[in-house]
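Peer 1: Under my numbering, the first residue of the sequence shown carries the number 1, and numbering increases by one thereafter.
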Amino acid sequence: MKALPRRRFIRQTLSAALAAPFISTVVTRALAQAAEKKIGFALCGLGSLSTHQIAPALQHTKNCRLTGIITGTPAKAEKWKAQYNIPGRNIYSYETMAKMADNPDIDAVYVVTPNALHAEHTILAAKAGKHVLCEKPMEASSEKCQEMIDVCKAANRLLAIGYRCRFEPHNLECMRLAREKVFGDLRIIQACFDIHLDLPSGAWRFNKALSGGGALMDVGIYALQATRFITGEEPIAVSGMETKTDPVKFKEVDETVVWQAKFPSGVIADCSTSYNSSLVGGYRAVADKGWFQLDPGFYYDGNRGRRSDGEEIRYPEVDSLGEFYQFAAEMDDFAQCILGVKATRVPGEEGLRDLKILTAIYKSIRTGETVKLG
Ligand code: NAD
1 MKALPRRRFI RQTLSAALAA PFISTVVTRA LAQAAEKKIG FALCGLGSLS
51 THQIAPALQH TKNCRLTGII TGTPAKAEKW KAQYNIPGRN IYSYETMAKM
101 ADNPDIDAVY VVTPNALHAE HTILAAKAGK HVLCEKPMEA SSEKCQEMID
151 VCKAANRLLA IGYRCRFEPH NLECMRLARE KVFGDLRIIQ ACFDIHLDLP
201 SGAWRFNKAL SGGGALMDVG IYALQATRFI TGEEPIAVSG METKTDPVKF
251 KEVDETVVWQ AKFPSGVIAD CSTSYNSSLV GGYRAVADKG WFQLDPGFYY
301 DGNRGRRSDG EEIRYPEVDS LGEFYQFAAE MDDFAQCILG VKATRVPGEE
351 GLRDLKILTA IYKSIRTGET VKLG
């Protein structure tokens, strides 16, 4: 205000006030137009997640439609073509996906291949002029994540990571409870995602070159994300420990990992993840005047929680779409980002941050020392 001469300030304020109704009409009209539009998505990798969650969830979106597929398996192409009415011209292989550049039916590619192929497929899609939504973990190394960010930026394409919990009401409510300090200052977060991975030994998840790591990269990342989105802070130090109860099955990748993280405000996180346990996934945040928890908190559906004041954390409206809710919300959000309505809350930089922390936890496991993060 001091830097702005009084008369100029009044003139600017007046013209802003006069323009406000016009701007708000323009914005409202733009939002209404965007609400009508549908972004054409091509799914890259037609495995379990694409088949059972993403493609069905796409049918429940407002601003998206499934217009294309990228697959290495011709039999899958035929099945999907018939099931989702996908024109032959919108079906690509990993080798031909660069040709999407000529295809206006496809605006965005959802990369759902093994972790260590995410950079390759993201870069091919971005260079073909498509926006990219990429599954978690973003890649197998921070360097690859940075390359994905750089290429998408150079191609002027949006890049977002499939962190579905960031669109899930129970998790969003916990973020609010933490931000508004409803139970005071946070002290401790306990988070875990443990599963029993029942796949044949040849599966890519057991192969370090394709997965980048085991339980920590695959499901532990949900616990890591929760500690970051609940605190709203970045860890300054991590220390990890690993155990392998089945060293044959988990020869190349981590089976069970525990880690602790310290945040700048003094919050301590105590986390675990496993590929050889039973299914548990959620978190408990303890503050100086109470606590809140989600148990479960990371499932496709059925998430629910409790608070120390006896209130339940429960959003029954998500039951209407069940296991498809989070994926539909995540894809609609990305579509709205492409339509210019908003900025993504899960940009590539968010995936890169997680990879740097995961790498630090692996380093701590290897060295037996606490690793400081800048
Ligand atoms: P999947 O094994 O079922 O599917 C992987 C797909 O990639 C298959 O269609 C396979 O044919 C294809 N593929 C291409 N090149 C391959 C190669 N060289 N080796 C092996 N497969 C190859 O795996 P998925 O469970 O669908 O997981 C895919 C991605 O989605 C992973 O990054 C995973 O972390 C992520 N994911 C996310 C969630 C979530 O809740 N957001 C859940 C499951 C998986």
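Every residue, glycine too, gets a C-beta built ideally from N, C-alpha and C.
Because the structure is a prediction, the values reported are computed rather than measured.
(1) Compare the C-alpha of Lys-289 against each of Gly-282, Ser-308, Gly-281 and Glu-36 and name the closest.
(2) Less than 8 angstroms between the C-beta atoms of Val-132 and Cys-152, yes or no?
(3) With a threshold of 8 angstroms between beta-carbons, can Ala-287 be considered close to chain D, or not?
(4) If you run the structure through DSSP and keep just helix, strand and coil, what is Val-318?
(5) Is Leu-339 helix, strand or coil when you go by DSSP?
(6) Taking only runs of the beta strand (DSSP E) that begin and end inside the region 175–254, which ones reach a length of at least 3 residues, in chain order?
(7) Taking Gln-83 as part of the beta strand (DSSP E), name the residues at either end of that continuous run.
(8) Using DSSP with H/G/I as helix, E/B as strand and the rest coil, what is Phe-334?
(9) With Cys-152 as the anchor, note down where its alpha helix (DSSP H) starts and where it stops.
(10) Is Leu-117 near ligand 1, judged by its Cβ being under 7 angstroms from some heavy atom?
(11) Mapping DSSP to helix, strand and coil, what is Tyr-283?
(12) Is the beta carbon of Leu-321 closer than 8 angstroms to that of Asn-63?
(13) Do you know offhand how far Tyr-84's Cα is from Ala-55's?
(14) Roughly how many angstroms lie between the CA atoms of Leu-49 and Val-112, to the nearest whole one?
(15) In the DSSP assignment, find the alpha helix (DSSP H) that holds Ser-364 and state where it starts and stops.
(16) So, for Ser-93: in the same chain, excluding its five sequence neighbours on each side, which residues have a beta-carbon less than 8 angstroms away from its beta-carbon?
(17) Which first and last residues belong to the alpha helix (DSSP H) in which Lys-127 is found?
(18) Excluding the 5 residues preceding and the 5 following Phe-250 in the sequence, name in chain order all residues of the same chain whose CB lies nearer than 8 angstroms to its CB.
Peer 2: Per the coordinate set shown:
(1) Residue numbering aside, residue 289 sits at position 289 when the sequence shown is read from its first letter. Ranking Gly-282, Ser-308, Gly-281 and Glu-36 by Cα distance to Lys-289 puts Ser-308 first.
(2) For the purposes of this step, residue 132 is taken as the residue at position 132 of the sequence shown. For the purposes of this step, residue 152 is taken as the residue at position 152 of the sequence shown. Yes, the pair counts as a contact, with Cβ atoms nearer than the cut-off.
(3) The structure shown contains no chain D, having only a single protein chain.
(4) Numbered from its first residue, the sequence shown carries residue 318 at position 318. DSSP places Val-318 in the helix class (H, G or I) of the three-state scheme.
(5) Locating residue 339 in the sequence shown gives position 339, counting from the first residue. The answer is coil: DSSP assigns Leu-339 none of H, G, I, E or B.
(6) Within the region 175–254, the beta strand (DSSP E) runs of at least 3 residues that lie entirely inside it are, in chain order, 186–196 and 237–243.
(7) If you number the sequence shown from 1, residue 83 lands on position 83. For Gln-83, no beta strand (DSSP E) run applies; the uninterrupted alpha helix (DSSP H) run containing it begins and ends at 74–84, by DSSP.
(8) As a working mapping, residue 334 is identified with position 334 in the sequence shown. Taken through DSSP and simplified to helix, strand or coil, Phe-334 comes out as helix.
(9) On the sequence shown, residue 152 is found 152 positions in, with the first residue counted as 1. Per DSSP, the continuous alpha helix (DSSP H) segment holding Cys-152 begins and ends at 142–154.
(10) Here residue 117 refers to the residue found at position 117 of the sequence shown. Distances from the CB of Leu-117 to the heavy atoms of ligand 1 include at least one below 7 angstroms.
(11) For the purposes of this step, residue 283 is taken as the residue at position 283 of the sequence shown. DSSP places Tyr-283 in strand when its eight states are reduced to three.
(12) Translated into the one-based positions of the sequence shown, residue 63 becomes position 63. Translated into the one-based positions of the sequence shown, residue 321 becomes position 321. Against a cut-off of 8 angstroms, the Cβ pair of Leu-321 and Asn-63 comes out as no contact.
(13) Translated into positions along the sequence shown, residue 84 becomes position 84. Translated into positions along the sequence shown, residue 55 becomes position 55. Using only the alpha carbons, I get a separation of about 9 angstroms.
(14) As a first step, residue 49 is located in the sequence shown; it is residue number 49 there, counting from the start. As a first step, residue 112 is located in the sequence shown; it is residue number 112 there, counting from the start. Rounded to whole angstroms, Leu-49 to Val-112 spans 7 angstroms at the Cα level.
(15) By one-based count along the sequence shown, residue 364 stands at place 364. 348–367 is the span of the alpha helix (DSSP H), which, as asked, contains Ser-364.
(16) As a position in the sequence shown, residue 93 is number 93, starting the count at 1. Cβ-Cβ distances below 8 angstroms link Ser-93 to Ile-70, Thr-71 and Gly-72 in the same chain, with the five nearest sequence neighbours on each side left out; the list follows chain order.
(17) Here residue 127 corresponds to residue number 127 of the sequence shown, with the count starting at 1. Run containing Lys-127: 118–127, per the alpha helix (DSSP H) assignment.
(18) The residue labelled residue 250 in the question sits at position 250 within the sequence shown. Taken in chain order, the residues that qualify are Phe-206, Gly-214, Lys-244, Tyr-275 and Asn-276.
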